[in-house]
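Take a look at the structure set out below.
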Ligand SMILES: Cc1cc2nc3c(=O)[nH]c(=O)nc-3n(C[C@H](O)[C@H](O)[C@H](O)COP(=O)(O)OP(=O)(O)OC[C@H]3O[C@@H](n4cnc5c(N)ncnc54)[C@H](O)[C@@H]3O)c2cc1C
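Right, dumping it as structure tokens:
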């Protein structure tokens with residue numbers, strides 16, 4: 007017997023911070039009934055903000071997060087512990103607060119615990135293949151927010167996963183006192199990693215790309231006018247690195263100094279890569295063949311697909327002439343409210 011087909015107006019692929027906000031937008035800002043929304047995620051736990059980065063201190067303030075809830079027409083859940091408005095918070099607090107705030111509104115949605123294996127467009131409809139489900143699920147519009155994995159490089163030096171290196175309690179299981187770690191990158195997460203390694207008793211070779219025009223060639227600071235530059239806890243740590251290498255434990259090495267980079271890698275027991283994210287891949291087939299997301303020329307809504315979150319960030323032009331990927335809940339919310347996806 008042919009499996010039954012269930013059709014939805016919107017299918018949300020992944021339910022991390024980005025698609026939680028898309029769900030809030032659709033349910034709280036448009037006339038789309040929640041029962042016309044399908045949500046697919048293998049865990050429904052709040053995504054990487056809780057799973058991987060939970061112990062990381064945010065670079066956004068509690069007030070910025072409260073504004074996200076307000077802009078999305080969500081209420082702060084009763085009993086939520088308050089935080090000083092202009093201070094950062096651990097990221098698991100943001101994940102769990104958002105998850106609790108959205109929970110009552112997504113109850114009527116169809117939720118499937120699984121992963122999208124592939125999606126194929128037949129006529130105007132997306133046919134979805136989902137792990138563990140024989141029933142056919144179809145949708146008019148896909149919201150793709152599968153999150154991303156840290157980019158790494160092929161050096162044959164043992165690697166500490168970024169989420170471990172960002173968690174002070176876990177990094178001690180890797181780094182022993184006196185060991186040296188090569189940390190690639192000099193943005194928010196690499197700076198916090200360097201601080202964690204020093205606290206664990208190690209030293210750091212921080213390999214950075216020179217930033218032309220920056221006051222300190224290794225770091226772009228928000229206080230110097232860089233859009234989404236280093237701020238909050240990471241800015242304090244970066245100042246310590248510039249002052250005395252955090253007590254002569256962090257050495258700054260420009261990536262274009264290949265001799266220095268080679269010897270830095272030679273003396274390092276571990277590597278950590280804080281150099282950006284690549285999207286988790288999905289197999290999407292349109293009438294003309296495989297669809298590539300996040301490529302130049304693709305517009306939001308093309309083929310009935312919207313892409314969101316850290317996998318497919320929007321970009322803002324900074325006053326310093328650079329393009330900055332927008333990878334925070336406030337910027338995800340702003341992006342969704344600007345695009346107003348498939349509301350009609
Ligand atoms: C180090 C670091 C610090 C950050 N600090 C902040 C901060 O201070 N403030 C802030 O607002 N933001 C911050 N962010 C950014 C951002 O809020 C988080 O990265 C957030 O987790 C991204 O949400 P997402 O929904 O794009 O991805 P994720 O949270 O990764 O969610 C994606 C979901 O999709 C699921 N999925 C993957 N593949 C499939 C599939 N095939 N089918 C179905 N589901 C799938 C995954 O299991 C996951 O649940 C930070 C990010 C990092 C990395």
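Numbering (the working numbering), first residue to last: 7 to 350. C-beta atoms are modelled at their ideal positions from N, C-alpha and C, and glycine is treated no differently.
Reference residue i; option with closest CA among the options
i, options, result
"residue 73", "129, 54, 104", "104"
"residue 83", "250, 137, 139, 110", "110"
"residue 283", "251, 332, 244", "332"
"residue 143", "66, 321, 271, 44", "44"
"residue 187", "173, 194, 206", "206"
"residue 92", "107, 113, 64, 77", "64"
"residue 199", "85, 78, 62, 237", "62"
"residue 175", "185, 201, 163", "201"
"residue 50", "39, 26, 37, 114", "26"
"residue 226", "114, 184, 327, 115", "327"
"residue 135", "290, 147, 196, 265", "290"
"residue 233", "165, 68, 321, 203", "321"
"residue 165", "87, 302, 190", "190"
"residue 124", "112, 148, 106", "148"
"residue 184", "122, 24, 273", "273"
"residue 130", "346, 318, 309", "309"
"residue 67", "128, 14, 97", "97"
"residue 286", "204, 250, 37, 318", "318"
"residue 253", "163, 81, 203, 296", "203"
"residue 295", "71, 38, 239, 126", "126"
"residue 58", "128, 153, 145", "153"
"residue 38", "118, 114, 338", "114"
"residue 36", "304, 78, 271, 94", "78"
"residue 293", "224, 303, 133", "133"
"residue 80", "224, 302, 106", "106"
For residue i, the three-state DSSP class (helix, strand or coil)
i, result
"residue 41", "helix"
"residue 194", "helix"
"residue 226", "coil"
"residue 103", "helix"
"residue 155", "strand"
"residue 311", "strand"
"residue 26", "helix"
"residue 52", "coil"
"residue 323", "strand"
"residue 71", "helix"
"residue 269", "helix"
"residue 279", "strand"
"residue 201", "helix"
"residue 257", "strand"
"residue 290", "strand"
"residue 128", "strand"
"residue 160", "coil"
"residue 251", "helix"
"residue 150", "strand"
"residue 117", "strand"
"residue 242", "helix"
"residue 21", "coil"
"residue 111", "helix"
"residue 33", "helix"
Distance CB(residue i)-CB(residue j) smaller than 8 Å
i, j, result
"residue 210", "residue 180", "no"
"residue 101", "residue 60", "yes"
"residue 46", "residue 120", "yes"
"residue 348", "residue 16", "yes"
"residue 241", "residue 229", "yes"
"residue 150", "residue 248", "no"
"residue 197", "residue 267", "no"
"residue 31", "residue 343", "yes"
"residue 33", "residue 40", "yes"
"residue 193", "residue 261", "no"
"residue 12", "residue 116", "yes"
Contact test: residue i Cβ vs ligand 1 heavy atom, cutoff 7 Å
i, result
"residue 190", "no"
"residue 49", "yes"
"residue 161", "no"
"residue 211", "no"
"residue 336", "yes"
"residue 54", "yes"
"residue 32", "no"
"residue 59", "yes"
"residue 286", "yes"
"residue 21", "yes"
"residue 322", "no"
"residue 153", "yes"
"residue 66", "yes"
"residue 28", "no"
"residue 107", "no"
"residue 166", "no"
"residue 24", "yes"
Any non-hydrogen atom of ligand 2 closer than 7 Å to residue i Cβ
i, result
"residue 100", "This structure does not include ligand 2; its bound ligands are ligand 1."
At a cut of 8 Å, does the stretch 152 to 161 reach the stretch 277 to 285 through at least three beta carbon pairs? yes
Would you say the stretch 308 to 327 touches the stretch 19 to 26, given that touching needs at least three Cβ pairs under 8 Å? yes
Touch check for the stretch 250 to 267 and the stretch 167 to 174: three-plus C-beta pairs under 8 Å? no
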